[in-house]
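Following: one structure in structure tokens, then a few remarks.
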Amino acid sequence: MSGASVVRTRFAPSPTGDLHLGGARTALYAWAWARRHGGQFVLRIEDTDLERSTPAAVQAIMDGMHWLDLDWDEGPFFQSKRMVRYRAVIAQMLERGTAYRCWASTEELDQMREQQRALGQKPRYDGRWRPENAARTGLTPPAGVDPVIRFRNPDVGSVTWDDLVKGPISIANDELDDLIIARGDGTPTYNFCVVVDDLEMQITHVLRGDDHVNNTPRQINILRALGGQEPVYGHLSMILGPDGEKLSKRHGATSVVEYDAQGFLPEAMVNYLARLGWSHGDAEIFDRHELVQWFDAAQISRSPAQLDFDKLRWVNAQWLKRLTPVELAKRLEPHLKKRGWSEAAMTSGPDLPIACALVFERAHTLEELADWVGLFYVPAAVTKADRSTHLTTAALAAVASLAIKFKVLDEAEWSAGPITATMKSTLAEFSLKMSQLAIPVRLLVFGQAQTPSVDAMLAAMPRATVLARLALAESLS
Ligand code: GLU
385 MSGASVVRTR FAPSPTGDLH LGGARTALYA WAWARRHGGQ FVLRIEDTDL
435 ERSTPAAVQA IMDGMHWLDL DWDEGPFFQS KRMVRYRAVI AQMLERGTAY
485 RCWASTEELD QMREQQRALG QKPRYDGRWR PENAARTGLT PPAGVDPVIR
535 FRNPDVGSVT WDDLVKGPIS IANDELDDLI IARGDGTPTY NFCVVVDDLE
585 MQITHVLRGD DHVNNTPRQI NILRALGGQE PVYGHLSMIL GPDGEKLSKR
635 HGATSVVEYD AQGFLPEAMV NYLARLGWSH GDAEIFDRHE LVQWFDAAQI
685 SRSPAQLDFD KLRWVNAQWL KRLTPVELAK RLEPHLKKRG WSEAAMTSGP
735 DLPIACALVF ERAHTLEELA DWVGLFYVPA AVTKADRSTH LTTAALAAVA
785 SLAIKFKVLD EAEWSAGPIT ATMKSTLAEF SLKMSQLAIP VRLLVFGQAQ
835 TPSVDAMLAA MPRATVLARL ALAESLS
């Protein structure tokens, strides 16, 4: 590991589920901060809660990070594999007197809290097993009971830190009681492991959700007791649902990989998440390199961010527009495969990049793009309403005539210009307006009344497919 002057950040998820939007944003900010300062980004898996932690969740978190392309320099380190180290540190603290054994039973603690409440005091552990107190009151360890280990929190003064996001925060030590750092069975507790790890992994900046603000003064005290220097802390505000309520499933997908399935691009997700709670002037669309260049804690918002799915869709649409047709086609393929599309089915339409180039401006997501591109290969069935409104006898007669003209066009003339000219001559012949022919043609060939310009759409199709689909008109007339 490198010297302490180098910026080192970490992402420290508890592997109990997928990588959620909030976690992904935390990871993104910690990553961006490390990259901005030419430092290192560490991945640490906080899996001390063996009942709730699963290998599948570890995988899901790493999949989410891979998808977002958040690369880490060290790790993943698993807390579950560091137990020996935690125990060694606890032993050392016991020896130095910065921690002590406590035999208070659950009933005793409940009683203590009840009495404190009755006296109008804040319930807290009263330090009765601090060695000097136990000696004074004559407490002796009960037989057959495994003690917990408590940290001896300073009694006086306060813990103050200048939060990167929230500004100066100060908590009086008499607000903090002696935290349990190891349970009766010897397993270390969450707040303790975090401290040992942040210290030994030489973390310089801790960016995490503000649900951890209350842990920070305790962690700083333990760090100091271990002779360490505390990192800089930055507590990120929550991400709320569009209605301002705590984000939950009912608002929509909460896990980042679900956004992959819904056809969002990782570039767009990084862009959107970065902007959700941070800004750089009025920049809305930026890539990861720009983010790294600009990422500045002073611009991280103190107030909670509110999800806005329309904005996310807009950002995604901007990113779709930034991709080349070949790249779009590549990104689209998994979405088409999911729909059971075979390459064979696609020979009835244009090459995929050409199809993408024609319709990408109408799509906000790859799933929507798949819908649009689908028109070329598997047209939707014409609805009854469209049929009776647009596929009138007059329209069908014009379509039949158009089909004949298309058939005799030279293969070399199968392009937008001659196609328009042919359509125009048919209109004149049947005294129709462009829409009265273009809509029926769209419906027959693509199954949809609205499409990008019909001549370009038709020109992209193999002529044989167009003729075969126009021939359907005969069965309707
Ligand atoms: N494991 C904690 C969580 O998933 C994060 C702890 C931290 O970042 O300090 O909420």
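Each number in this note's numbering comes from the position in the sequence shown (counting from 1) with 384 added on.
Even for Gly, the Cβ is constructed at its ideal location relative to N, Cα and C.
Taking 7 Å as the line, does the beta carbon of alanine 681 fall inside it for any heavy atom of the ligand GLU? Start at 1 with the first residue of the sequence shown, and residue 681 comes out as number 297. Every heavy atom of the ligand GLU is 7 Å or more from the Cβ of alanine 681, so no.
Proximity test, Cβ basis, 8 Å: alanine 782 and chain B: Of the chains in the structure shown, none is chain B; there is only one protein chain.
Is any heavy atom of the ligand GLU found at a distance shorter than 7 Å from the C-beta of alanine 441? Numbered from its first residue, the sequence shown carries residue 441 at position 57. No.
For proline 802, the nearest candidate out of Leu811, Tyr656 and Phe790 (CA to CA): Here residue 802 is taken as the residue at index 418 of the sequence shown, counted from 1. Cα-wise, what sits closest to proline 802 is Phe790.
Under three-state DSSP, which class holds leucine 493? For the purposes of this step, residue 493 is taken as the residue at position 109 of the sequence shown. In the structure shown, leucine 493 sits in a helix (DSSP, three-state: H, G or I).
Is it the case that the Cβ atoms of threonine 588 and valine 616 are separated by a distance below 8 Å? For the purposes of this step, residue 588 is taken as the residue at position 204 of the sequence shown. For the purposes of this step, residue 616 is taken as the residue at position 232 of the sequence shown. Going by beta carbons, threonine 588 and valine 616 fall inside the 8 Å limit.
Which class does tryptophan 798 belong to by DSSP, given the choice of helix, strand or coil? One-based indexing of the sequence shown puts residue 798 at position 414. Tryptophan 798: coil per DSSP, three-state reduction.
Own chain residues within Cβ distance below 8 Å of leucine 624, not counting five before or after: As a working mapping, residue 624 is identified with position 240 in the sequence shown. Sequence-distant partners of leucine 624 (beyond 5 residues in either direction) whose C-beta falls short of 8 Å from its own C-beta, in its chain, are Lys630, Leu631, Pro688, Ala689, Gln690 and Leu691.
In three-state terms, what does DSSP make of leucine 591? The residue labelled residue 591 in the question sits at position 207 within the sequence shown. If DSSP states are grouped into helix, strand and coil, leucine 591 belongs with the strands.
Pick from Glu430, Gln495, Lys550 and Leu563: whose alpha carbon is nearest that of threonine 482? For this step, residue 482 is matched to residue 98 along the sequence shown. The shortest C-alpha separation from threonine 482 is found at Leu563.
Rounded to whole angstroms, what's the CA-CA distance from asparagine 700 to arginine 706? Just pull it up for me. Taking the first residue of the sequence shown as position 1, residue 700 is located at position 316. Taking the first residue of the sequence shown as position 1, residue 706 is located at position 322. Cα to Cα, asparagine 700 sits roughly 10 Å from arginine 706.
Answer yes if the stretch 780 to 789 comes into contact with the stretch 748 to 762, meaning at least three C-beta pairs across the two stretches below 8 Å, and no otherwise. No, they do not touch.
For serine 489 and proline 460, I'd like the C-alpha separation in whole angstroms. Position 105 of the sequence shown, counting from 1, holds the residue named residue 489. Position 76 of the sequence shown, counting from 1, holds the residue named residue 460. When rounded, the distance between both Cα atoms is 37 Å.
Quick one: grab the DSSP three-state call for histidine 719. Position 335 of the sequence shown, counted from the start, is the residue given in the question as residue 719. If DSSP states are grouped into helix, strand and coil, histidine 719 belongs with the helices.
Sort Ala527, Asp594, Ser732 and Leu583 by Cα distance to glycine 661 and report the nearest one. Indexing the sequence shown from 1 puts residue 661 at position 277. Considering only alpha carbons, the answer is Asp594.
Beta carbon of histidine 421: closer than 7 Å to some heavy atom of the ligand GLU? Counting from one through the sequence shown, the residue named residue 421 turns up at place 37. With a cutoff of 7 Å, histidine 421 does not count as near the ligand GLU, since its C-beta is closer than that to no heavy atom of the ligand.
If you draw a straight line from the alpha carbon of arginine 723 to that of arginine 847, how long is it in whole angstroms? For the purposes of this step, residue 723 is identified with residue 339 of the sequence shown, where counting begins at 1. For the purposes of this step, residue 847 is identified with residue 463 of the sequence shown, where counting begins at 1. Pairing arginine 723 with arginine 847, the inter-Cα distance amounts to about 25 Å.
For proline 515, tell me which candidate among Asp735, Asp770 and Tyr484 has the shortest Cα-Cα distance. Taking the first residue of the sequence shown as 1, we reach residue 515 at position 131. Distances from the alpha-carbon of proline 515 to those of Asp735, Asp770 and Tyr484 put Tyr484 closest.
Would you call the stretch 386 to 404 and the stretch 434 to 446 touching, i.e. three or more CB-CB distances under 8 Å? Counting Cβ pairs under 8 Å, three or more are found: they touch.
With respect to 7 Å, is the separation between the Cβ of arginine 592 and the closest non-hydrogen atom of the ligand GLU below this value? Numbered from 1 along the sequence shown, position 208 holds the residue referred to as residue 592. Within the cutoff, so yes.
Can you give me the start and stop residues for the alpha helix (DSSP H) that alanine 566 sits inside? Taking the first residue of the sequence shown as position 1, residue 566 is located at position 182. Element bounds for alanine 566: not the alpha helix (DSSP H) but the beta strand (DSSP E), 564 to 566.
Leaving out five residues before and five after valine 426 in sequence, what residues of the same chain have Cβ atoms less than 6 Å from its Cβ? Position 42 of the sequence shown, counting from 1, holds the residue named residue 426. Non-local beta-carbon contacts of valine 426 in its own chain, meaning distances under 6 Å to residues more than five positions away in sequence, involve Arg394, Glu458, Gly459 and Met585 in chain order.
Proline 572 bridges to which residues according to DSSP? If you number the sequence shown from 1, residue 572 lands on position 188. Ala566, per the DSSP bridge assignment.
Please indicate yes or no: does the CB of serine 639 lie closer than 7 Å to some heavy atom of the ligand GLU? As a working note, residue 639 is residue 255 in the sequence shown. Every heavy atom of the ligand GLU is 7 Å or more from the Cβ of serine 639, so no.
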